[in-house]
């Protein structure tokens with residue numbers, strides 16, 4: 011009778027052999043655990059952010075690779091982790107680093123849209139609206155009442171990658187102006203030609 015190991019696919023046996031060779035050297039093993047955990051958690055953070063922004067197919071693909079990394083490499087912590095505390099340290103350190111790395115990567119890729127709510131004084135509202143529209147940004151202007159009196163409220167929906175440019179324009183026109191930025195799950199209609207997540 012053939013052993014269970016011999017019934018494994020060739021590529022699977024080859025992969026396990028490579029991992030066993032790497033983990034034969036403890037230093038390499040700790041580094042691989044740390045690096046793999048960074049990749050795993052980075053993918054997890056990125057996947058959750060994609061889900062909240064409606065990129066379901068992208069999230070599913072990321073989830074596939076995330077679990078693959080866990081099964082192939084990080085399962086080694088379970089075997090011998092208690093007797094080798096450095097494995098646990100490498101695993102935990104990779105987890106902490108992966109959270110930061112995942113958020114950093116997602117921020118650089120700047121997926122999705124945001125709405126910027128700007129609350130200028132009445133004297134700056136028209137000027138800022140004109141400047142933003144000159145730069146081809148859609149602006150919805152409404153009137154509100156704050157603690158110090160009547161204020162205009164400008165609503166600007168843009169791609170996240172355009173946020174730095176919007177902030178620069180705001181600071182040029184009215185440096186002390188109050189504004190906030192919120193993520194958008196999806197958008198429909200308006201100046202955008204079709205439904206986009």
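Numbering (this note's numbering), first residue to last: 11 to 207. C-beta atoms are modelled at their ideal positions from N, C-alpha and C, and glycine is treated no differently. These numbers were taken from a predicted model, which means no experiment stands behind them.
- With distances taken between CA atoms, residue 130 lies nearest to 154 out of 144, 154 and 148.
- Secondary structure of residue 146 (DSSP, three-state): coil.
- Straight across, the Cα-Cα distance linking residue 100 with residue 119 is about 28 Å.
- Taking every protein chain shown into account, the CB of residue 69 has 16 or more other CB atoms within 10 angstroms, so this residue is buried.
- The continuous beta strand (DSSP E) containing residue 193 extends over residues 188-194.
- Non-local beta-carbon contacts of residue 135 in its own chain, meaning distances under 6 Å to residues more than five positions away in sequence, involve 162 in chain order.
- Residue burial is scored here from C-beta neighbours: residue 177 has fewer than 16 other C-beta atoms within 10 angstroms and is therefore classed as exposed.
- For residue 123, the enclosing beta strand (DSSP E) begins and ends at 123-129.
- Within the same chain, and ignoring the five residues on either side of residue 150 in sequence, the residues whose Cβ sits closer than 6 Å to its Cβ are 165.
- Excluding residues up to 5 positions away in sequence, 129 lie with their Cβ nearer than 6 Å to the Cβ of residue 188 in the same chain.
- In this structure, the beta-carbon distance from residue 45 to residue 82 does not fall below 9 Å.
- As computed with DSSP, residue 161 is found in a beta bridge with 154.
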